[in-house]
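**Q** Take 1 as the starting number for the sequence shown in full-length UniProt numbering and just add one per residue.
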Amino acid sequence: MSSLTLTSLALGIALKRWRLLHRVKQTHAAEMFGVAQSTVSRWEAGLQDMEPTERARAERLLAARLESAADRALERLVAESPREVHLVCDLTHRLLACSSARAVEFSVPLSALLGRSLWRYATPEIVAQELLLDDCGWRSVLAPAPLEFGSGVNHSPQVPIRESRCRWTRMTLSDGTAVRLVETL
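1) What would DSSP say about residue 68, mapped onto helix, strand or coil?
2) As a quick exercise: from 13, 56, 37, 26, pick the residue whose alpha carbon is nearest that of residue 46.
3) Which residues in the same chain as residue 35 place their Cβ atom closer than 8 angstroms to its Cβ, once the five residues preceding and following it in sequence are excluded?
4) Taking the alpha helix (DSSP H) that residue 97 falls in, what are its first and last residues?
5) What does a CB cutoff of less than 7 angstroms around residue 152 pick up in its chain, not counting 5 residues either side in sequence?
6) So, helix, strand or coil for residue 150, using DSSP?
7) Is residue 138 helix, strand or coil when you go by DSSP?
8) Given a threshold of 16 other Cβ atoms within 10 Å of its Cβ, counted over all protein chains shown, does residue 27 qualify as buried or as exposed?
9) For the region 109–123 against the region 138–148, do three or more pairs of beta-carbon atoms, one drawn from each stretch, fall closer than 8 angstroms, so that the two count as touching?
10) Relative to the C-alpha of residue 187, which candidate in 170, 37, 185, 88 has its C-alpha closest?
This is the structure we're talking about:
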């Protein structure tokens, strides 16, 4: 991800979760990446960084996509919500779905933002909360409790964030990838 560097641990945990959900052994994952099984083990433990090409491949593999009927239903629920809410890939922060109540705040068309990372619009409070996710077990196999925190303003005309209370809820899509429901409270 160009706008946010994931910690080695975060990417490793996501890779391990994907492997477990898809019943892929470390040896097969190692073959997919062209590395030794012990390298995959070190990645998953957060003990070794991936090379840039390996990182890009892992991010493509682990990025959330709304492909199944259930995932498309979630997309519709978010889009039709009367509340200010949007859905992002938990790993890449790419916008996957957005309510019209949220989209009306944007000065650019929603179509220009869908599929793109919203990370560049993050406030300092959002950045600080993101840095705490590994310590609170956010990326564990089981979804953690939603997180609520105060967010400041970002002064962006394209995707403005005003001072408010924010709630993040992590969900797992049908393929095992993680998404984050972002609500303004």
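Quick reminder that beta carbons are idealized off the backbone N, C-alpha and C, glycines included.
**A** For this structure:
1) Reduced to three states, the DSSP call for residue 68 is coil.
2) When 13, 56, 37, 26 are compared, the shortest CA-CA separation from residue 46 is found for 13.
3) The residues are 54.
4) No alpha helix (DSSP H) holds residue 97; the beta strand (DSSP E) holding it covers 95–98.
5) The residues are 123, 124, 125, 163.
6) In this structure, residue 150 counts as strand in the three-state DSSP scheme.
7) In the structure shown, the three-state DSSP call for residue 138 is coil.
8) Flag for residue 27 reads exposed.
9) No, because fewer than three Cβ pairs between the region 109–123 and the region 138–148 fall closer than 8 angstroms, the two stretches do not touch.
10) There is no way to answer for residue 187, as the model of the chain reaches only from 1 to 185.
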